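Just so you know, the protein sequences line up as chains A and B, in that order. For the first sequence, the tail end lands on 258 under my numbering, and the numbers increase by one without skipping. For the second sequence, the tail end lands on 258 under my numbering, and the numbers increase by one without skipping. Structure record follows, encoded as structure tokens.
Number of protein chains: 2
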Amino acid sequence: MAVFKKVEETFLKGHKVFIPSVSIDCVIFGFHNNQLKVLLLKTLYAKEWALPGGFILKEEHVDDSAKRILEERTGLQDIFLQQFYTFGDPKRSDQVYARQMIKELQIDVPISNWLLQRFVSIGYYALVDFEAVNPTRDFFSESCDWHDIHELPEMIMDHRAIVDQALLTLRMHLNYHPVGYNLLQEKFTMPELQKLYETILDQKLDRRNFQRKMVSYGILKKLRERRKGVAHKSPFLYVFDLKKYHKALKDGFQTTW
Amino acid sequence: MAVFKKVEETFLKGHKVFIPSVSIDCVIFGFHNNQLKVLLLKTLYAKEWALPGGFILKEEHVDDSAKRILEERTGLQDIFLQQFYTFGDPKRSDQVYARQMIKELQIDVPISNWLLQRFVSIGYYALVDFEAVNPTRDFFSESCDWHDIHELPEMIMDHRAIVDQALLTLRMHLNYHPVGYNLLQEKFTMPELQKLYETILDQKLDRRNFQRKMVSYGILKKLRERRKGVAHKSPFLYVFDLKKYHKALKDGFQTTW
DNA sequence: CCAAAAGTGTTACAAGTACACCCATGT
DNA sequence: ACATGGGTGTACTTGTAACACTTTTGG
């Protein structure tokens, strides 16, 4: 059984390729049907779900580890990734689930095994195009699925707190870095962009003020095209003006002082 | 020689008490003579300076490790501490300096020694009362001193970049969390508070607008007392209204949306 | 008595908020 | 034809920026 082999190999040989004590957890946000979604893995040997995560190769930049983990779960490259916090509570206890696993799989693993040690976990959040993602489970899980941010299932360890922290950070960053580019299709309408903001911020925004503010950033290009086949008045399509978008990101959007 | 003993012990027995692969670096900010200062350690076996840092005890919360490290260097408890980024470039190479040390001290250490491995470092910044600090060196350094943020000496590894990142983060946080409370004496004048802000932000601010804005936060108490013995008109003293200060911190100062 | 710093107030402009009208589209 | 959502404009409120005058103090 391939899964068994792979899990056993990770337990027994992981310490040769990964650095110990440090893991990575990714909160992958997507947007679909006007809802903010998070990509989760159903654990094999527990009823809870888990964040896509992994370990850091001995000579790998931590950012690259996160990127690698993300590519494996989504099939996407060039993902928008942002480190947001490192979780260092000794009682996060990655061990509980790991112990359950070796018990279920009846792998012969000493208590000193690297995976049974305490882990500090570096949290990254990612913004991805929901449609483009091909959710792919890993060897420690039975499936990989999107979950509405408002209806998250039971999650292992402190993963729920990690999601909450990621969302808080994303909300903060929203003021500095317009995120639509990463979460929407190439072409989108203003109402769609607004729904995205409303969903992330979990509050209603004024239609007209939102439009004015977005336009004022000067990073959007309004197309002559309109969204077809929808009920009511057909809205205009927009795309990000990548040149101006990246320039604005570099210069920063807001400073107050 | 006590230093030798302690360093040797860390190399040889550190892996029994600390978790591997993870270190902590602290950027300790103080304010003195209208200048922003950073507390640095002069390394024993190199000409460069280093950030106060350390490792995480096996059962210790990472926040507590940072707190412990800070207490050891400053003699202060209850310090304002904020995790701001985790540095994970494999080429940060903590090893260079460690290797230099074992060469100088002629300690017999195998290449597999825990301290010669790659480290991921969690960055914390701290805001402390300059006057209250008693700078104390550790066993890897010959002295511990304040340095002006604008005149930093040569620093080991990526420590300079860590300081820069800490300062950037502090500037960002300034909009959300007024920091005067941690960096100034209990009683202070408005011009002193303004100097602090100007120093952190590295820009002049308008006297009158600054005062109005600060007062509008409603977290200061104006005393009847004035600063005595200074040239020119004596300025009023202020203290933080701790009750309102903490309430404001919890509620947040700014949200824009 | 004067230079330098501190206290205070006013005005102009930009940004954010609230709200109203008309238009296009599918049912 | 009409209900629903989309496009656009305008007044009001708040916040930020720029700026001037008076007061106090030590030298």
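For each residue, glycine too, the CB sits at the ideal point set by N, CA and C. Nothing here was measured: the structure is a model prediction, and the numbers come from that model.
Within-8 Å CB hit, residue i to chain A
i: His62 of chain B; result: yes
i: Lys83 of chain B; result: Looking at the sequence provided, one finds Gln at residue 83 of chain B rather than Lys. Cβ-Cβ to chain A under 8 Å: no for Gln83 of chain B.
i: Ser22 of chain B; result: yes
i: Val28 of chain B; result: no
i: Val129 of chain B; result: no
i: Arg119 of chain B; result: yes
i: Lys59 of chain B; result: yes
Whole-Å CB distance - residue i paired with residue j, under 8 Å assumed
i: Gln101 of chain B; j: Ala47 of chain B; result: 6 Å
i: Gly76 of chain B; j: Thr137 of chain B; result: 6 Å
i: Val121 of chain A; j: Phe81 of chain A; result: Not a contact, Cβ separation roughly 24 Å.
i: Ser66 of chain A; j: Ile25 of chain A; result: 5 Å
i: Trp115 of chain B; j: His16 of chain B; result: 4 Å
i: Lys196 of chain A; j: Asn35 of chain A; result: 5 Å
i: Val39 of chain A; j: Val164 of chain A; result: 6 Å
i: Tyr218 of chain A; j: Pro179 of chain A; result: 6 Å
i: Leu58 of chain B; j: Cys27 of chain B; result: Their Cβ separation, rounded to whole angstroms, is 16 Å, which puts Leu58 of chain B and Cys27 of chain B out of contact at 8 Å.
Where residue i sits in the DSSP three-state scheme
i: Gln84 of chain A; result: strand
i: Thr257 of chain B; result: Any reading at Thr257 of chain B is ruled out, since the residue's pLDDT is 42, under 50, leaving its predicted position unreliable.
i: Lys188 of chain A; result: coil
i: Met173 of chain B; result: helix
i: Gln212 of chain B; result: helix
i: Arg161 of chain B; result: helix
i: Pro21 of chain B; result: strand
i: Gly31 of chain B; result: strand
i: Thr44 of chain A; result: strand
i: Arg138 of chain B; result: coil
i: Gln36 of chain A; result: strand
8 Å Cβ cutoff met for residue i and residue j
i: Thr200 of chain B; j: Phe32 of chain B; result: yes
i: Pro53 of chain B; j: Arg74 of chain B; result: yes
i: Trp50 of chain A; j: Glu155 of chain A; result: yes
i: Lys188 of chain A; j: Leu128 of chain A; result: no
i: Leu194 of chain A; j: Leu206 of chain A; result: no
i: Tyr86 of chain B; j: Gly124 of chain B; result: yes
i: Leu202 of chain A; j: Arg225 of chain A; result: no
i: Ile150 of chain A; j: Leu37 of chain A; result: yes
i: Ser22 of chain A; j: Gln96 of chain A; result: no
i: Gln204 of chain B; j: Met191 of chain B; result: no
i: Phe12 of chain A; j: Ile103 of chain A; result: yes
i: Ser113 of chain B; j: Leu45 of chain B; result: no
i: Phe140 of chain B; j: Lys234 of chain B; result: no
Limits of the unbroken beta strand (DSSP E) element including residue i
i: Ile220 of chain B; result: Counting along the chain, Ile220 of chain B falls outside any beta strand (DSSP E), and DSSP gives it neither H nor E.
i: Glu143 of chain B; result: Ser142 to Asp149
i: Tyr239 of chain B; result: Phe237 to Phe241
i: Phe56 of chain A; result: Gly54 to Leu58
i: Lys229 of chain B; result: Looking at the DSSP string, Lys229 of chain B is not in any beta strand (DSSP E), and its letter there is neither H nor E.
i: Gly124 of chain A; result: Val121 to Leu128
Unbroken alpha helix (DSSP H) run spanning residue i, endpoints
i: Ser66 of chain A; result: Val63 to Thr75
i: Lys104 of chain A; result: Gln96 to Leu106
i: Ala3 of chain A; result: Ala3 to Val18
Interface flag, residue i vs chain B, CB-CB below 8 Å
i: Ile123 of chain A; result: yes
i: Thr87 of chain A; result: yes
i: Asp90 of chain A; result: yes
i: Pro179 of chain A; result: no
i: Thr257 of chain A; result: Bear in mind that a pLDDT of 40 at Thr257 of chain A, under 50, signals an unreliable position, so the model cannot answer this.
Cβ-heavy atom distance, residue i to the ligand ATP, below 7 Å
i: Glu187 of chain A; result: With respect to the ligand ATP, the structure shown offers nothing to examine, as it has no ligands at all.
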